[in-house]
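*Asks:* Chains as they are written, first to last, in UniProt numbering: chain Z, 1 to 113; chain P, 1 to 113. Dropping a structure here in structure tokens format, bear with me for questions.
Number of protein chains: 2
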Amino acid sequence: MAGAADELSLVFQALADPTRRAIISRLRGGPTTVGELAEPFAMSRPAISQHLKVLERAGLIERTADAQWRRCTLRTEPLDEASAWVDRHRDEWNERFDLLDERLRELKGQTDA
Amino acid sequence: MAGAADELSLVFQALADPTRRAIISRLRGGPTTVGELAEPFAMSRPAISQHLKVLERAGLIERTADAQWRRCTLRTEPLDEASAWVDRHRDEWNERFDLLDERLRELKGQTDA
DNA sequence: TCATTAAATAAGGAGTCGCTTACATGGCAG
DNA sequence: CTGCCATGTAAGCGACTCCTTATTTAATGA
Numbered sequence: 001m002a003g004a005a006d007e008l009s010l011v012f013q014a015l016a017d018p019t020r021r022a023i024i025s026r027l028r029g030g031p032t033t034v035g036e037l038a039e040p041f042a043m044s045r046p047a048i049s050q051h052l053k054v055l056e057r058a059g060l061i062e063r064t065a066d067a068q069w070r071r072c073t074l075r076t077e078p079l080d081e082a083s084a085w086v087d088r089h090r091d092e093w094n095e096r097f098d099l100l101d102e103r104l105r106e107l108k109g110q111t112d113a
Numbered sequence: 001m002a003g004a005a006d007e008l009s010l011v012f013q014a015l016a017d018p019t020r021r022a023i024i025s026r027l028r029g030g031p032t033t034v035g036e037l038a039e040p041f042a043m044s045r046p047a048i049s050q051h052l053k054v055l056e057r058a059g060l061i062e063r064t065a066d067a068q069w070r071r072c073t074l075r076t077e078p079l080d081e082a083s084a085w086v087d088r089h090r091d092e093w094n095e096r097f098d099l100l101d102e103r104l105r106e107l108k109g110q111t112d113a
């Protein structure tokens, strides 16, 4: 995936990993430190840090400093966008009308040549 | 991500690319051949073929042979699963209640469950 | 039969992903 | 200050992604 990916791609990419989805599930219970977050996983702390970076890049979490701890908080706005996209395309009945609009919107984020 | 990724990861991964999302949008208008699909994109046919393979692996399209053409059809079931996951996690009401619960637990100095 | 067309596959290259271990940063308690 | 603690960053490795061009497969129709 190219470096300058659009926002929606970043969100879907962030969701495309079971560890990151588990982190999101966990964060629904409230803000959590990185250590607490890493505890249930059979993987090193740096690996979790890197997953958090992906989630942060997608706007799905916020990290705030609290002494030597980082408190991770879930942000749901990107999930709203993802949900909107999926729901729009899973609806079979309003197909033709927004199809053109849809395509134009999608193609705008693309490399053209 | 190892080769044996779970189904949901495959779907999100397939959606994490603007070209593939545009293909899905296009297929909402009805079954389409690979050539028609490739036409609006500034990229080679094999590249489109490979994108279609990713979509097929995620269960998002079906390809049926029709003479020397392949007719691609959208399947929405995987989108249902993706939508279900996202909606479950973006539900703000649940999140708020869980958050309140979490706060109370913290105030009591209770350590986990 | 043979050339044409539609599409898939092969091979390869630049870049990214997900993990590791090792080291750096920065708050804190003695 | 000094040594812990929670975390982030660096470097490196193997696998994967996304694209390319070249080749292959398969159906068509003269």
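C-beta atoms are modelled at their ideal positions from N, C-alpha and C, and glycine is treated no differently.
I need the boundaries of the beta strand (DSSP E) containing Z/E62, first residue and last residue.
*Replies:* For the purposes of this step, residue 62 of chain Z is taken as the residue at position 62 of the first sequence. Residues I61 to D66.
*Asks:* Looking only at C-alpha atoms, which of Z/T19, Z/I23, Z/R90 and Z/A5 sits nearest to Z/E62?
*Replies:* Locating residue 62 of chain Z in the first sequence gives position 62, where the first residue counts as 1. Nearest option by C-alpha distance: Z/I23.
*Asks:* Out of P/E56, P/T19 and P/E39, which has the shortest C-alpha to C-alpha gap to P/E7?
*Replies:* By 1-based counting over the second sequence, the position of residue 7 of chain P is 7. The residue with the shortest Cα to Cα distance from P/E7 is P/E56.
*Asks:* With a threshold of 7 angstroms on Cβ separation, who are the neighbours of P/A14 within its own chain once the five nearest residues in sequence on each side are excluded?
*Replies:* Walking along the second sequence from the start, residue 14 of chain P turns up at place 14. These residues qualify, in order along the chain: R20, V54, L55, A58 and L60.
*Asks:* By how many angstroms is the C-alpha of P/L27 removed from the C-alpha of P/C72?
*Replies:* Against the second sequence, residue 72 of chain P aligns to sequence position 72. Against the second sequence, residue 27 of chain P aligns to sequence position 27. Answer to the nearest angstrom: the Cα atoms are 8 angstroms apart.
*Asks:* Who are the Cβ neighbours of P/A5 in its own chain at under 8 angstroms, not counting the five residues just before and after it?
*Replies:* Counting from one through the second sequence, the residue named residue 5 of chain P turns up at place 5. If we look at P/A5 and ignore the five residues flanking it on each side, its Cβ neighbours are Q13.
*Asks:* In chain order, which continuous runs of the beta strand (DSSP E) of length 3 or greater are located wholly inside the UniProt domain "HTH arsR-type" (1-94) of chain Z?
*Replies:* Whole beta strand (DSSP E) segments, 3+ residues: 61-66 and 69-74.
*Asks:* Can you give me the C-alpha to C-alpha distance between Z/P86 and P/F41, rounded to a whole angstrom?
*Replies:* Translated into positions along the first sequence, residue 86 of chain Z becomes position 86. Translated into positions along the second sequence, residue 41 of chain P becomes position 41. It is worth fixing the name first, because residue 86 of chain Z is Val in this sequence and not Pro. Rounded to the nearest angstrom, the two C-alpha atoms are 22 angstroms apart.
*Asks:* Who are the neighbours of Z/L55 on chain P, taking C-beta pairs under 8 angstroms?
*Replies:* For the purposes of this step, residue 55 of chain Z is taken as the residue at position 55 of the first sequence. The premise fails here: Z/L55 is roughly 12 angstroms from chain P at the closest Cβ pair, so nothing lies under 8 angstroms.
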